[in-house]
Each structure stands twice: as C-alpha cells, then as structure tokens.
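Asker:
Residue numbers (our numbering), protein chains in the order written: chain A, 130 to 494; chain B, 130 to 494.
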C-alpha cells in the first residue's frame with residue numbers, strides 16, 4: 130500500500146457492537162485519531178455510559194443518517210460473538226467485520242455456521258485488558274504497543290485483512306498474524322492453562338485447615354494471583370477453547386503423573402531435579418518485559434520503613450544513581466512496620482545500584 | 130517462665146553445623162545479641178568465608194577450649210540433616226539439638242533411626258530465605274519477624290523445646306508450634322506443590338513453538354517465577370516430603386481431571402465457573418502481607434516514561450499524598466520506553482491517591 134499504514138484518512142465510519150471495556154477503549158482510541166465511531170449495545174445503560182464518555186455516537190443516529198459503517202467491530206462475550214458476527218455481515222453487506230474475543234477458531238466457525246459472509250470476516254484478539262470491566266473503565270491508550278492478533282480465515286479478502294490491520298494500528302497496537310488454530314493453541318498454553326492451574330491450586334486452599342494456610346508466603350501469592358479473575362468471562366473462554374485447553378492439560382498432567390511415580394521411588398532426587406531444571410529452561414523462554422528476549426534481571430533487596438515517604442526516598446536515590454528499574458516488588462515483614470523492596474535491574478547495573486544505595490545509607494540486603 | 134523470653138543471659142554457646150545462608154544468618158543474628166557462636170562445615174572454604182564475615186568462631190577452637198555447646202543447630206541439606214542430628218546428640222551428650230530443614234517428619238525419623246537421643250532433639254524451620262545461597266549471603270536480620278516453625282517430637286523434654294523457642298526469639302523470629310506431620314502437610318500445600326506446578330507449567334514452555342511463547346504476558350510470568358529456584362535443593366525437599374506432596378498433587382490432579390471431563394461436555398460453562406469461583410474463594414484465605422488477614426488491595430495504574438527518575442517522581446507524589454503503598458508492580462509496554470506502574474493500596478485510600486496523582490499531572494489509568 131502506498132498510503133501510510135496508520136493514516137486515518139477515509140477510515141470508517143466504525144460501528145462497535147458491545148460497549149464494554151474493549152469496545153469502549155476501541156472507540157476512544159479511534160476517536161483520538163478523528164475517526165467516526167458508532168456504538169450499539171443490548172444494554173441501554175452500558176450504551177449510555179459509553180456515549181457519555183465520548184466513546185462514540187449511539188448507532189441509532191447512524192441508521193437515521195443513512196450512512197453505513199465500513200468496518201464493524203464485534204466486542205461481545207465469546208458465547209455470542211459468532212452469532213453477532215454473522216448478523217453483522219447480513220446487516221451491513223459491504224462492511225468488513227471483525228471481533229475481539231480471546232478464542233478464535235470456535236467463534237469464527239460459529240459465525241460461518243450462522244451464515245456469515247466469510248469473505249468479509251477477519252478474527253482479532255487485542256492482547257490487552259484491565260482487571261475492571263465495563264465501558265466506564267475504557268481507556269484510549271489500552272492497546273498502545275500491545276499485540277493485536279489477526280486471524281484471517283482462508284476465505285477472507287486481502288483488502289479486508291488490511292482494513293482490520295489498519296484498525297489495530299489506528300488503535301495503537303502491533304498487528305500480529307496467526308491462524309485461528311495456532312492462536313488458540315498458543316493462548317491455551319500461555320494464558321488459559323495458567324488460569325486453570327492458578328484456580329485449581331487456590332481451590333485446594335478453600336478446604337485447607339486455617340493453620341496450614343496461615344504460614345503461606347510470596348510464592349503462593351504469585352501462583353494464585355490470577356485465580357481472582359472474572360469467573361464468568363473465564364468460564365466462557367475455557368469452554369470456547371476447551372479442546373486446546375484439554376490438550377495442554379493432558380501434557381501437563383502426564384508430566385505430573387510421571388513426577389508422582391518418581392516421587393514414590395527411593396531414587397527420586399535425580400529425576401525430580403531434571404524435572405525442575407526443565408522448568409527453569411522453559412521459564413527462560415518467556416520474553417522480557419520489553420519483548421526483548423531473555424534478559425534475567427538481578428534483584429537487589431532493600432529494607433525500608435513501611436510508611437509514606439520511604440519509597441519516595443528510595444526511588445529518588447535510584448534515580449540519582451541513574452539505573453533503570455525493570456520491576457519492583459514490595460514484601461512486607463510480618464507484624465512489623467517495615468518492608469523489603471526488591472529492585473529488579475539489568476545485571477550490568479547491579480553493582481552501581483548497590484554501591485549507590487549503600488553510599489546513601491540504605492539497608493541493602 | 131519468669132525471665133524475659135528474649136533474654137540472652139546465659140544462652141549458648143551455640144554450635145552451628147553448616148555454614149550456608151541459614152547457618153550463617155543464625156550466627157550473625159545471635160552474635161548481635163552477644164551470644165557466643167561456633168561454626169563447623171565439611172567444606173573448609175565455606176567455613177572460612179563465614180568466619181571472616183563474623184558469623185562465629187571456627188569450632189576447632191571450641192574443642193581446644195574444652196567448652197561445650199548448650200545448643201547445636203544443624204543447618205545442612207535435607208538429605209544429611211537426620212544423620213548430622215544423630216551425630217550431634219552423640220558428640221554433645223548434654224546439648225539441645227535442632228535443625229532448620231524445610232521438611233520435618235522424615236528428617237526427625239532419620240535422626241531417630243540413626244540413634245539420636247530424641248529427648249534432646251527439637252525440629253525447626255525458619256520460614257525465611259534468599260534467592261542467593263551460601264554464607265556470603267548471610268544477614269543478621271534474615272529471620273526478623275518471620276515465622277520459625279518448631280516441631281517437637283513427643284519424646285522431647287520441655288526445657289529443650291523452650292531452649293529452641295528461645296533460639297528463634299533471639300534470632301528475631303516468631304516461634305510457631307506445629308507437629309512435624311502437620312508442618313509437612315502444610316508446606317506440601319503452600320510451598321512444595323506450588324513449586325511443582327510452576328516447574329511443570331514452565332516445563333511445557335520448553336518445547337513450545339517460539340511463536341506461541343512470544344505472545345505471553347504477566348500472568349504467565351507470575352505463574353513461572355519460582356520455576357527459577359535452585360533445582361538441587363528443591364529436588365531434595367520434594368523427595369524428603371514426597372508422601373505429602375503426592376497427596377496434595379493427587380487432590381489437585383483429581384480436580385484437574387474433573388475439569389477435563391467437564392470441558393469435554395457442551396454444558397461446560399456453568400461447572401467451569403464454579404471451579405473458578407472456588408479458586409477465587411481459596412485465594413482470599415491467604416494472609417495479607419502483614420499477616421493481617423484478607424484485605425484485598427486496590428490497584429491504581431499509572432503510565433510513566435520508562436527512564437531513570439520517573440519512578441522517583443511518582444513515588445515522591447505518592448509520599449506527598451500520604452498514602453501507604455502495599456505493593457508495586459511495573460509492567461513495561463512492548464517496544465516502547467514507557468511503563469505501567471500498578472500501585473496497590475488499601476481500598477479506603479484509593480480515591481485520595483487517584484485525586485492526588487491526577488492533580489500532580491500523572492496519567493492515572
């Protein structure tokens with residue numbers, strides 16, 4: 130294409146169906162580029178909230194004006210996305226139609242079975258979200274620099290695919306092509322099964338004696354954090370991707386069964402060590418926070434008083450030392466107004482940071 | 130007892146066997162209370178390092194002086210702890226003998242079988258550690274306000290138990306009585322099986338296509354963080370607590386098998402939702418960071434430039450607002466020099482924090 134790929138000239142109007150967090154944020158992201166956005170939602174209250182936030186105009190005005198959307202974004206839960214995609218191709222016979230659900234193959238298949246014109250449908254999955262749902266939580270920059278997976282059916286026309294790619298770019302995201310099947314296998318591994326394991330582990334705590342749970346520490350908190358996710362949305366996601374989730378779970382359970390067998394032997398230690406080492410290797414494959422590969426960060430621990438102002442003093446010192454923090458974690462010490470702060474930095478900066486903090490009187494551990 | 134429980138009068142001398150992180154830190158903690166500490170280690174280099182750090186005196190000088198330890202702390206890996214406990218009761222016929230291993234029943238049983246005088250043996254497990262091992266990483270305050278589990282065999286004399294309780298208090302810890310069996314069941318659930326799950330999940334990544342792992346996000350990073358732990362130490366811990374680990378794993382795998390069955394049904398969503406809700410309930414049972422129960426913190430997200438000084442500016446503002454942070458997490462945005470900072474605060478402080486940051490020009494999300 131000769132036009133710049135993030136040009137907003139002549140893009141739209143866009144109709145967003147579903148005024149939740151993702152639909153609302155798409156509207157806000159497009160509006161900041163000056164693109165015309167219309168909204169509809171079966172729930173009039175959600176629609177009113179989104180319209181009042183400036184996400185877009187009520188789609189009723191679209192019908193009245195006689196204008197037609199050039200692209201329709203279906204932003205509804207997984208269970209209804211396929212049906213709504215099909216309806217959209219029928220209601221708007223010229224429009225490109227896409228969706229934003231976390232599961233792709235089953236949604237696209239539902240759309241096809243429901244009679245969607247699959248030449249104009251391109252699946253989408255922006256890899257972004259917030260812990261709070263609803264249009265009121267929408268943000269124009271929710272997708273900035275996030276991956277937006279595009280899953281185009283073989284039947285999709287190439288100009289339709291480019292139009293959805295343009296949509297992702299206009300929302301600030303990085304389009305990334307995958308087949309729907311490949312996407313679903315990948316998210317089963319990197320997102321859906323981790324959710325299952327976190328929930329299963331946390332579920333074991335529900336019936337454990339109080340005296341057993343009370344001695345728990347940071348490791349368990351890390352492992353059960355996502356167990357607090359929205360159970361209704363996640364039950365739909367897991368059901369919609371059930372075959373792939375089952376596949377990954379089978380592999381995982383086979384590994385756990387082998388470990389069970391090994392643990393019942395007197396000679397367990399060596400094979401258990403190999404199991405643990407394989408986990409350490411797998412962990413190194415997860416991209417760094419900048420998507421920059423496998424830099425392992427060093428954690429520098431500092432003990433500070435757990436009160437307002439102390440963190441500011443610490444981070445002022447870190448700023449003076451001119452070292453970039455990759456991550457921070459705070460671990461409070463049981464029953465005491467003090468906290469251990471873990472500063473994650475590139476290994477090459479470790480000595481500089483430690484020296485700088487020590488020279489400023491910090492209790493570096 | 131009429132004497133203050135953290136009195137150091139007439140406590141010791143203490144002999145620490147094993148000059149690693151835990152042994153070294155016990156020495157440093159006791160020395161700051163003025164207690165005499167002697168050290169021995171099969172590895173002369175480790176011993177020399179610890180002695181040079183001021184952890185204690187070489188135990189050779191103990192033998193030469195004719196003094197005898199009143200308490201012996203066995204701080205060696207799980208596989209040799211039982212044998213060393215038994216040797217210690219024989220070498221020092223009047224001393225109280227304790228250990229610091231993460232698994233208790235099997236270690237104490239090994240000690241008994243190896244001929245230990247079980248009237249003088251009290252098991253111990255300080256719930257503290259660091260990611261770096263060895264005497265060089267020792268810290269006098271490693272145990273400050275941490276739980277130190279005491280597991281006294283039924284045969285243990287009560288004054289021996291009080292002496293080990295005193296040891297924990299002198300090290301700055303909070304003694305907590307459990308039976309060895311109860312301890313081992315508890316740590317299987319809250320520590321050992323979480324380690325197994327994290328390693329098993331990370332292990333699945335080892336053989337996954339690059340294109341699948343590359344789209345991973347924060348959830349997977351949380352779930353695989355502890356998969357980076359020391360595989361040799363952990364293989365010994367899991368082997369030593371294999372029966373309890375197998376028991377918890379059986380319960381967990383039974384849950385996962387039920388979920389597998391449900392996922393293969395068309396009616397999965399409702400039962401999957403119940404499974405997820407149970408995880409959410411279990412997660413709420415984990416004590417807060419101050420051991421203060423189940424306060425759920427609110428996360429306030431702020432977008433900042435990812436460069437030195439920016440965090441300092443943010444935390445200076447947080448300090449001015451006079452809100453206490455419970456935790457912080459930094460999420461970098463793919464390919465862009467900016468970061469999302471999550472500030473965790475008590476829900477009652479949320480509005481105050483958001484208003485304070487907005488009024489100072491921060492991009493609160």
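The C-beta atom is built at its ideal place from N, Cα and C for all residues, glycine as well.
All figures in this text were calculated on a predicted structure; none of them were measured in a lab.
Can you confirm whether residue 407 of chain B, when its beta carbon is compared against all beta carbons of chain A, has any partner nearer than 8 angstroms?
Answerer: Within the second chain, residue 407 of chain B is the residue found at index 278, counting from 1. For residue 407 of chain B, the answer is yes, since a Cβ of chain A falls inside 8 angstroms of its Cβ.
Asker: Could you name the residues of the region 233-258 of chain B whose beta carbon sits closer than 8 angstroms to any beta carbon of chain A, in the order they occur along the chain?
Answerer: So the close ones are 256.
Asker: So residue 408 of chain A is in the beta strand (DSSP E); what residue range does that whole segment cover?
Answerer: Residue mapping note: residue 408 of chain A aligns to position 279 of the first chain, counting from 1. Premise fails: residue 408 of chain A lies in the alpha helix (DSSP H), 397-412, not in any beta strand (DSSP E).
Asker: What residues from chain B crowd round residue 350 of chain A, counting only those whose CB sits closer than 7 angstroms?
Answerer: Within the first chain, numbered from 1, the residue matching residue 350 of chain A stands at position 221. Chain B residues near residue 350 of chain A: 415.
Asker: Residue 441 of chain A CB to nearest chain B CB: under 8 angstroms?
Answerer: Taking the first residue of the first chain as position 1, residue 441 of chain A is located at position 312. With 8 angstroms as the cut-off, residue 441 of chain A counts as an interface residue toward chain B.
Asker: What first and last residue would you give for the alpha helix (DSSP H) that runs through residue 208 of chain B?
Answerer: Within the second chain, the letter at position 79 stands for residue 208 of chain B. First-last of the alpha helix (DSSP H) with residue 208 of chain B: 207-220.
Asker: So which residues of chain A does residue 296 of chain B contact, with C-beta pairs closer than 8 angstroms?
Answerer: Counting from 1 along the second chain, the entry for residue 296 of chain B is found at position 167. Going along chain A, no residue has its Cβ under 8 angstroms from residue 296 of chain B, so there is no contact; the nearest lies around 18 angstroms.
Asker: So who's on the other strand from residue 146 of chain A, going by DSSP bridges?
Answerer: Numbered from 1 along the first chain, position 17 holds the residue referred to as residue 146 of chain A. Per DSSP, A/169 and A/203.
Asker: Give the residues from the region 331-343 of chain B that approach chain D closer than 9 angstroms (Cβ to any Cβ), ordered along the chain.
Answerer: The question asks about chain D, but that chain is absent: this structure's protein chains are A and B.
Asker: Terminal residues of the continuous beta strand (DSSP E) containing residue 280 of chain A?
Answerer: On the first chain, position 151 is the one that residue 280 of chain A refers to. Segment 276-280, the beta strand (DSSP E) holding residue 280 of chain A.
Asker: What's the call for residue 289 of chain A, buried or exposed, on a 16-neighbour Cβ count within 10 Å?
Answerer: Here residue 289 of chain A corresponds to residue number 160 of the first chain, with the count starting at 1. Buried is the call here.
Asker: Bridge partners of residue 254 of chain A, per DSSP?
Answerer: Residue 254 of chain A sits at position 125 when you count from the first residue of the first chain. Answer is A/278, bridged to residue 254 of chain A.
Asker: So, with DSSP's three-state summary, where would you put residue 434 of chain A?
Answerer: Your numbering for residue 434 of chain A matches position 305 in the first chain. Looking at residue 434 of chain A - three-state DSSP - the assignment turns out to be strand.
Asker: Could you check whether residue 446 of chain B and residue 485 of chain B sit closer than 8 angstroms to each other, using their CB atoms as the reference points?
Answerer: To locate residue 485 of chain B, count along the second chain from 1; it is residue 356. To locate residue 446 of chain B, count along the second chain from 1; it is residue 317. It is a contact, given that the beta carbons lie within the stated cut-off.
Asker: Tell me the DSSP secondary structure of residue 271 of chain A in three-state form.
Answerer: Start at 1 with the first residue of the first chain, and residue 271 of chain A comes out as number 142. It is coil, neither helix nor strand.
Asker: Would you say residue 155 of chain A lies against chain B (beta-carbon separation less than 8 angstroms)?
Answerer: Locating residue 155 of chain A in the first chain gives position 26, where the first residue counts as 1. Judged by the 8 angstroms Cβ criterion, residue 155 of chain A is not in contact with chain B.
Asker: To the nearest whole angstrom, what separates the beta carbons of residue 140 of chain A and residue 164 of chain A, a pair I think is in contact under 8 angstroms?
Answerer: The residue you call residue 140 of chain A lines up with position 11 of the first chain. The residue you call residue 164 of chain A lines up with position 35 of the first chain. Right, the Cβ-Cβ distance comes to about 5 angstroms (below 8 angstroms), so this counts as a contact.
Asker: So is residue 178 of chain B in contact with chain A if we call contact Cβ pairs under 8 angstroms?
Answerer: To locate residue 178 of chain B, count along the second chain from 1; it is residue 49. It does not; no Cβ of chain A falls within 8 angstroms.
Asker: Against chain B, with Cβ distances strictly below 8 angstroms, would residue 328 of chain A count as a contact?
Answerer: As a position in the first chain, residue 328 of chain A is number 199, starting the count at 1. Taking Cβ atoms only, chain B reaches closer than 8 angstroms to residue 328 of chain A, which makes this a yes.
Asker: Using a C-beta to C-beta distance shorter than 7 angstroms, which residues of chain B count as neighbours of residue 323 of chain A?
Answerer: As a position in the first chain, residue 323 of chain A is number 194, starting the count at 1. Result: 330, 348, 349 and 352.
Asker: In the DSSP output, what is residue 481 of chain A paired with across the bridge?
Answerer: Against the first chain, residue 481 of chain A aligns to sequence position 352. Per DSSP, none; premise fails for residue 481 of chain A.
Asker: Would you tell me roughly how many angstroms separate the C-alpha atoms of residue 195 of chain B and residue 368 of chain B, rounded to the nearest one?
Answerer: In the second chain, counting from the first residue as 1, residue 195 of chain B sits at position 66. In the second chain, counting from the first residue as 1, residue 368 of chain B sits at position 239. Straight-line Cα distance between these residues: approximately 39 angstroms.
Asker: Under 8 angstroms between the Cβ atoms of residue 330 of chain A and residue 326 of chain B?
Answerer: Locating residue 330 of chain A in the first chain gives position 201, where the first residue counts as 1. Locating residue 326 of chain B in the second chain gives position 197, where the first residue counts as 1. Result yes, Cβ atoms of residue 330 of chain A and residue 326 of chain B sit closer than 8 angstroms.
Asker: Have a look at residue 218 of chain A and residue 269 of chain A and give me their C-alpha separation to the nearest angstrom.
Answerer: The residue you call residue 218 of chain A lines up with position 89 of the first chain. The residue you call residue 269 of chain A lines up with position 140 of the first chain. Taking the straight line from one Cα to the other gives about 27 angstroms.
Asker: Hey, which unbroken runs of the alpha helix (DSSP H) at 4 residues or more fall wholly within the region 279-316 of chain A?
Answerer: Correct list: 287-299 and 309-316.
Asker: Give the C-beta separation of residue 226 of chain B and residue 197 of chain B to the nearest angstrom, bearing in mind that I take them to be a contact with Cβ-Cβ under 8 angstroms.
Answerer: As a working note, residue 226 of chain B is residue 97 in the second chain. As a working note, residue 197 of chain B is residue 68 in the second chain. Actually they do not touch by this definition, with Cβ atoms about 13 angstroms apart.
Asker: Whole angstroms are fine: how far does the CA of residue 152 of chain A sit from the CA of residue 189 of chain A?
Answerer: Taking the first residue of the first chain as position 1, residue 189 of chain A is located at position 60. Taking the first residue of the first chain as position 1, residue 152 of chain A is located at position 23. Using only the alpha carbons, I get a separation of about 17 angstroms.
Asker: Scan the region 371-384 of chain A for residues whose Cβ lies nearer than 9 angstroms to a Cβ of chain B and list them as they occur along the chain.
Answerer: Cβ contacts with chain B: 371, 372, 374, 375, 377, 378, 379, 380, 381, 382 and 384.
Asker: Report the option in B/231, B/273, B/220 and B/245 whose CA atom is closest to the CA atom of residue 253 of chain B.
Answerer: To locate residue 253 of chain B, count along the second chain from 1; it is residue 124. Nearest option by C-alpha distance: B/231.
Asker: So, does the CB of residue 199 of chain A fall closer than 8 angstroms to a CB anywhere in chain B?
Answerer: Against the first chain, residue 199 of chain A aligns to sequence position 70. No, residue 199 of chain A lies away from the interface with chain B (no Cβ there is under 8 angstroms from its Cβ).
Asker: Taking only the alpha-carbon atoms, compute the straight-line gap between residue 229 of chain B and residue 408 of chain B and give it to the nearest angstrom.
Answerer: On the second chain, residue 229 of chain B is found 100 positions in, with the first residue counted as 1. On the second chain, residue 408 of chain B is found 279 positions in, with the first residue counted as 1. Each residue's Cα considered, the two are about 32 angstroms apart.
Asker: In terms of alpha-carbon separation, which member of B/184, B/174, B/222 and B/236 lies closest to residue 161 of chain B?
Answerer: If you number the second chain from 1, residue 161 of chain B lands on position 32. The shortest Cα separation from residue 161 of chain B among B/184, B/174, B/222 and B/236 belongs to B/184.
Asker: Within 8 angstroms, do at least three Cβ pairs link the region 342-360 of chain B to the region 359-379 of chain A?
Answerer: In short, these stretches do not touch, since the Cβ pair count stays below three.
Asker: Taking residue 286 of chain A as the reference, give the member of A/487, A/395, A/412 and A/246 with the closest Cα.
Answerer: Locating residue 286 of chain A in the first chain gives position 157, counting from the first residue. The candidate whose alpha carbon is nearest that of residue 286 of chain A is A/246.
Asker: Check whether the Cβ atoms of residue 279 of chain A and residue 255 of chain A lie closer than 8 angstroms to each other.
Answerer: Here residue 279 of chain A refers to the residue found at position 150 of the first chain. Here residue 255 of chain A refers to the residue found at position 126 of the first chain. Cβ atoms of residue 279 of chain A and residue 255 of chain A: not closer than 8 angstroms.
Asker: Residues of chain B with CB under 9 angstroms from residue 365 of chain A, in chain order?
Answerer: By 1-based counting over the first chain, the position of residue 365 of chain A is 236. The answer, in chain order, is 398, 401 and 402.
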